[in-house]
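The structure appears below as structure tokens.
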Amino acid sequence: MRIFRMRYLWLNSVLLVTLLTSCTSVYKGLRRTEGNVDCIRQFSPAFDATLYSTQVNILKHHLSGLLFFKQMPDSSLRVVFANEMGFKFFDFEFDKQGNFTKHYLLPRMDKKAVVTTLRKDFELVLLRPDLRQAHVATDSRYRYTVVPTEKGHNYYITDSACTQLVRIEKSSVRKPVVKVWMEHYTQGTPDTIRIEHQHFRFNISLQKTHR
Amino acid sequence: MCKWMMIGVISLLSLQLHAQSGFKPVTDLSVVKKEFARAAQQTQSIQCDFVQEKNLSMLSDKITSKGKFWFKRENKVRMEYQQPSYYLLVMNGKDIRIKDAQKESKVSGKNNKLFEQINKITVDCVRGTVLDNTDFTTKAYENAQSYRLEMVPVNKAMAGYFKTITLVVDKKDFTVSSITMAEPSGDDTNISFLHKQVNANIPDAVFVVK
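Chains as they are written, first to last, in the working numbering: chain A, 209 to 419; chain B, 12 to 221.
What follows is the structure, encoded as structure tokens:
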């Protein structure tokens, strides 16, 4: 009986610790501080007509091709992804006001969830957030520009002086859902971009290439 | 009445367009088929460079890729993209090998209708049987140097990918000079084959799919 009680107590303790850990936000150590939220705008890529060699891993599938960002005369940005042989996967438009238009998506991929996921991923890359509700926070290493969203926050994480973008995290209330790395900026655009979803296998990897 | 006038005007404009580019409709397609097949009998292999231009109509821009192409009778094809990024496609019968910067994979043409069609068109071009492909309705035009074959997909699934596939065939040796794949969206992909070497010795190892 005593052994049973001890085991029961041990099991309860484990469950309690697991529950408490899973409910704890990974961002709980952040301290809100004064600071200029606009400093992250310098990391918004200045895509003109920029081409990236691209690999996409989604669940068990692998796609590769060329992803082309093109700034249009009306200031909208077109994002076109085609495989190396020229077959187009998608053609999206993001206008200056933040509106999104799907010009084309391969019929087999054309599902609402796919469109929404791709749209939100590329919105993180374009780095044009509405900063009216944003604030700055810090931990022992980094500076976080925290932008409230419908389901959580977007965290634009930089070094403490806001001179280098470390990564972007799109999070739920407690933990990151998507992480984006944009590294080695040359002529206003990153040489590499990596988008990683945290809850299922969906990764996009871009390497800038010459046209 | 108005409709017929419109059709007349469009037909005239279309004829004028063909005349401008020097191409006029081929009157007897069977003659072309025979010539094509006869020349193809003598083609054992083709090795050449290629330049691919993906024209994005709405963006008024294009993406240019370059690489090397190999064909060997009966049905071995290798396309190696070298710029702007590396991509390899090897088709050996029904087996297909694909390699990009990150991953190498093998697929079966039997399970991939699109690759099966690409394979079929490529092999048909070299065999000289492209005009017999029943998956497309084909119209032929000619000028002094070339034939132009305009292929429209019959199959609905294929029509989702291509509006037309246009082949320009060199009259000198009946090899394909260019392929243009027009998409329903208005974009197209043009592949030009350059520096062709016909019947060069190409080892089978070039087409290994393992």
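Heads up, the beta-carbon is just placed ideally off N, CA and C, and yes, glycines get one too. Just so we're clear, the structure is a prediction, and the values are computed from it rather than from any experiment.
Hey, would you say residue i sits closer than 7 Å to residue j, going by beta carbons?
i               : j               : result
P195 of chain B : K174 of chain B : yes
D367 of chain A : L238 of chain A : no
I401 of chain A : V323 of chain A : no
K105 of chain B : S119 of chain B : yes
L142 of chain B : K44 of chain B  : yes
S68 of chain B  : G171 of chain B : no
D299 of chain A : H311 of chain A : yes
W81 of chain B  : I176 of chain B : no
L267 of chain A : R382 of chain A : no
V344 of chain A : T357 of chain A : no
S157 of chain B : D181 of chain B : yes
S56 of chain B  : A151 of chain B : no
Q93 of chain B  : Q263 of chain A : no
N154 of chain B : F47 of chain B  : no
A369 of chain A : V245 of chain A : no
T149 of chain B : M162 of chain B : yes
D111 of chain B : S233 of chain A : no
Answer with yes or no whether the minimum CB distance from residue i to chain A is below 7 Å.
i               : result
S68 of chain B  : no
D146 of chain B : no
S203 of chain B : no
Y92 of chain B  : yes
S96 of chain B  : yes
S196 of chain B : yes
T191 of chain B : no
K114 of chain B : yes
K45 of chain B  : no
D184 of chain B : no
F218 of chain B : no
K65 of chain B  : yes
I74 of chain B  : yes
T38 of chain B  : no
T175 of chain B : no
T54 of chain B  : no
T200 of chain B : yes
D143 of chain B : no
Short of 6 Å in beta carbon distance, which residues of its chain neighbour residue i, apart from the five on each side in sequence? Order them along the chain.
i               : result
E377 of chain A : Y363, P384 and K387
K416 of chain A : Y260 and D399
T200 of chain B : K65 and M192
I need the boundaries of the beta strand (DSSP E) containing residue i, first residue and last residue.
i               : result
Q208 of chain B : D199 to V209
E153 of chain B : F147 to E153
L142 of chain B : No beta strand (DSSP E) contains L142 of chain B, which DSSP labels as neither H nor E.
Y158 of chain B : S157 to P164
P384 of chain A : P384 to T394
G237 of chain A : No beta strand (DSSP E) contains G237 of chain A, which DSSP labels as neither H nor E.
I74 of chain B  : D72 to K83
R89 of chain B  : K87 to Q94
R351 of chain A : Y350 to P356
Q58 of chain B  : S56 to L67
I376 of chain A : L373 to S379
N265 of chain A : A257 to I266
Since I believe residue j is in contact with residue i (beta carbons under 8 Å), could you give me their beta-carbon distance rounded to a whole number of angstroms?
i               : j               : result
I74 of chain B  : R240 of chain A : The Cβ separation is near 46 Å, so there is no contact.
F302 of chain A : S284 of chain A : 7 Å
L274 of chain A : S96 of chain B  : 7 Å
F61 of chain B  : S203 of chain B : 6 Å
F289 of chain A : F297 of chain A : 5 Å
E91 of chain B  : K79 of chain B  : 5 Å
Should residue i be flagged as near chain B, meaning a C-beta pair shorter than 7 Å?
i               : result
E242 of chain A : no
S261 of chain A : yes
T417 of chain A : yes
I412 of chain A : no
L224 of chain A : Residue confidence for L224 of chain A is low, a pLDDT of 49 falling below 50, so the modelled location carries little weight and cannot support an answer.
H270 of chain A : yes
K278 of chain A : yes
R286 of chain A : yes
L274 of chain A : yes
E292 of chain A : yes
What are the boundary residues of the alpha helix (DSSP H) that includes residue i?
i               : result
Y172 of chain B : K167 to Y172
R108 of chain B : Per DSSP, R108 of chain B belongs to no alpha helix (DSSP H); it is in the beta strand (DSSP E), D106 to K110.
R409 of chain A : Where R409 of chain A is concerned, there is no enclosing alpha helix (DSSP H), given that its DSSP letter is neither H nor E.
K328 of chain A : K320 to L334
F47 of chain B  : L40 to Q52
Leaving out five residues before and five after residue i in sequence, what residues of the same chain have Cβ atoms less than 7 Å from its Cβ?
i               : result
F218 of chain B : K83, K87, R89, V101 and N103
A254 of chain A : G396 and T397
D184 of chain B : A50 and V209
F277 of chain A : F255, T258, L285 and V287
H206 of chain B : C59 and D60
Residues in the same chain with beta-carbon distance under 8 Å from residue i, minus the five sequence neighbours each way, listed in chain order, please.
i               : result
F251 of chain A : L335, Y364, T366, L373, M390 and Y393
S380 of chain A : K359 and G360
What residues from chain C crowd round residue i, counting only those whose CB sits closer than 9 Å?
i               : result
H311 of chain A : Chain labels in this structure do not include chain C; the protein chains are A and B.
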